[in-house]
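See below for the structure under consideration.
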Amino acid sequence: MGGVWCLRASYTAHWKSIVKKRNRKMSAVTAAHKHNEGSRQNTEYVAHKRTSEDSAAAKTSSSLGIFTVPNFISFLRLCLVPVFIWLLVGKHNYVAAFVLLMIIGISDWADGKIARYWHIESKIGAYLDPAADRLMTIAVPISMAVVHFVPWWMVIVLICRDVILAGIFFIYQNRGLRMSVIYLGKVATASLMVAFPTIIFANLPYSGCKWAIPLGWAVFIWAFVLYVWTGLLYIYRGYLLAKKVPVLTPEEKAQWRKNKNILN
């Protein structure tokens, strides 16, 4: 009971700080709209300038547009996932599917690494990379269940977790907040991307690959447990958020969408 109380207390403090931060942002937006046009433009310029000075990413972000190396890698990953499905399910070419899945996994690591190292950000990249990740985490396990490499019930649990998280995302959006990422969730996703190619490797038609069977399943079970656990944490966060943080009014939501690029 003590552990549950501590978790609830920590999350309560967490949401209070988030609400205060959002209220400060909304107050800044409201104050800006009360001034004349010249004063409003000056306020937005100062806010944007402070944000640019505080973040190194502002040096190379929106000016690059959509034609960036990370965006190209993410788009390539989106295109390669259907090819992987065709190789694994349609052609039963497990060797080619294994190699392609390794390339997809490396590209997932590479685009994030490049974006962070060169401080490259773009609006389309903020949607393209998560879309590619979600497609991978849904399409890859389904394909592996079709060829009987993993059980269907585990795949269904993984997919349900992602569907629920999509609903929680809109709970955040309706309150003018960004959904913070749980680090263990990243570990779980990375572990899945290690487990899947390992299991495919273990099923290659070569006797020397059988040693990977226990390794692949050990990593997969570990990733599965982490994936479910972090999903429960996201659900609990969403429950507390829905309970304690009011939904933005239509006017507040319009202001938040209009000014979030300046104030964030």
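So for the sequence shown, the numbering used here puts the first residue at 746; every next one is plus one.
Heads up, the beta-carbon is just placed ideally off N, CA and C, and yes, glycines get one too.
Owing to the predicted nature of the structure, the values given are computational and were not obtained by experimental measurement.
Query raised in the report: Counting pairs of beta carbons, one from the region 901-914 and one from the region 871-887, are three or more of them closer than 8 Å?
Result: yes
Query - Rounded Cβ spacing between VAL814 and ILE849 (contact assumed at less than 8 Å) - result: As a position in the sequence shown, residue 814 is number 69, starting the count at 1. As a position in the sequence shown, residue 849 is number 104, starting the count at 1. So it is not a contact: roughly 17 Å between Cβ atoms.
Report task. Would you mind working out which of GLY983, LEU977 and LEU833 sits nearest GLN918, comparing C-alpha positions? Result -> Here residue 918 corresponds to residue number 173 of the sequence shown, with the count starting at 1. Looking at the Cα atoms, GLY983 is the closest of the given residues.
Query - CA nearest to the CA of PRO875, picked from LYS931, HIS864, PHE969 and ASN838 - result: Within the sequence shown, numbered from 1, the residue matching residue 875 stands at position 130. Of the listed residues, the one whose Cα sits closest to PRO875 is LYS931.
Query raised in the report: Based on Cα-Cα distance, which residue from VAL840, LYS989 and TRP854 lies nearest to THR934?
Result: The residue you call residue 934 lines up with position 189 of the sequence shown. Per the Cα distances, TRP854.
Requested in this report: In the DSSP assignment, find the alpha helix (DSSP H) that holds ARG861 and state where it starts and stops.
Outcome: Counting from one through the sequence shown, the residue named residue 861 turns up at place 116. Unbroken alpha helix (DSSP H) run through ARG861: 839-862.
Query raised in the report: First and last residue of the alpha helix (DSSP H) that includes GLY961?
Result: In the sequence shown, residue 961 corresponds to position 216, counting from 1. Looking at the DSSP string, the run of the alpha helix (DSSP H) that includes GLY961 is 957-989.
Query - Pairwise C-alpha distance: ASN1004 and TRP962 - result: Within the sequence shown, the letter at position 217 stands for residue 962. Within the sequence shown, the letter at position 259 stands for residue 1004. Whole-angstrom Cα-Cα distance: 47 Å.
Query raised in the report: Do you know offhand how far THR975's Cα is from LEU985's?
Result: Locating residue 975 in the sequence shown gives position 230, where the first residue counts as 1. Locating residue 985 in the sequence shown gives position 240, where the first residue counts as 1. Taking the straight line from one Cα to the other gives about 15 Å.
Query - Best match in MET924, LEU929, LEU960 and TRP863 for proximity to PHE941 [C-alpha to C-alpha] - result: Counting from 1 along the sequence shown, the entry for residue 941 is found at position 196. Of MET924, LEU929, LEU960 and TRP863, the residue nearest in Cα terms is LEU960.
Query raised in the report: What's the C-alpha gap between GLY1010 and ASN838?
Result: Since the first residue of the chain shown is 746 and the last is 1009, residue 1010 is not available in this structure.
Query - Simplified DSSP assignment, three categories, for VAL926 - result: Locating residue 926 in the sequence shown gives position 181, counting from the first residue. Three-state result, VAL926: coil.
Query raised in the report: Between LEU1014 and LEU910, is the Cβ-Cβ spacing less than 8 Å?
Result: This structure leaves residue 1014 out entirely; the chain is present only between 746 and 1009.
Requested in this report: Report the rounded CA-to-CA distance for MET938 versus TYR951, giving the unit in angstroms.
Outcome: Here residue 938 refers to the residue found at position 193 when the sequence shown is read from its first residue. Here residue 951 refers to the residue found at position 206 when the sequence shown is read from its first residue. Between MET938 and TYR951, the C-alpha separation is close to 22 Å.
Requested in this report: Can you have a look at TRP1001 and say buried or exposed, based on whether 16 or more other CB atoms are within 10 angstroms of its CB?
Outcome: Here residue 1001 refers to the residue found at position 256 of the sequence shown. By the 10 Å Cβ count, TRP1001 comes out buried.
Report task. Apply the 10 Å Cβ neighbour rule to ILE811 and answer buried if 16 or more other Cβ atoms are within range, or exposed otherwise. Result -> For this step, residue 811 is matched to residue 66 along the sequence shown. Exposed.
Query raised in the report: Unbroken alpha helix (DSSP H) runs of length 4 or more, entirely within the region 880-904: which are they?
Result: none
Report task. Compare the beta carbon distance of ILE927 and LEU978 with 8 Å and say whether it is the shorter of the two. Result -> As a first step, residue 927 is located in the sequence shown; it is residue number 182 there, counting from the start. As a first step, residue 978 is located in the sequence shown; it is residue number 233 there, counting from the start. Yes, they are a contact pair.
Query - Buried versus exposed, by CB contacts within 10 Å (16 or more), ARG861 - result: Locating residue 861 in the sequence shown gives position 116, where the first residue counts as 1. The residue in question, ARG861, is exposed, as its Cβ has fewer than 16 Cβ neighbours within 10 Å.
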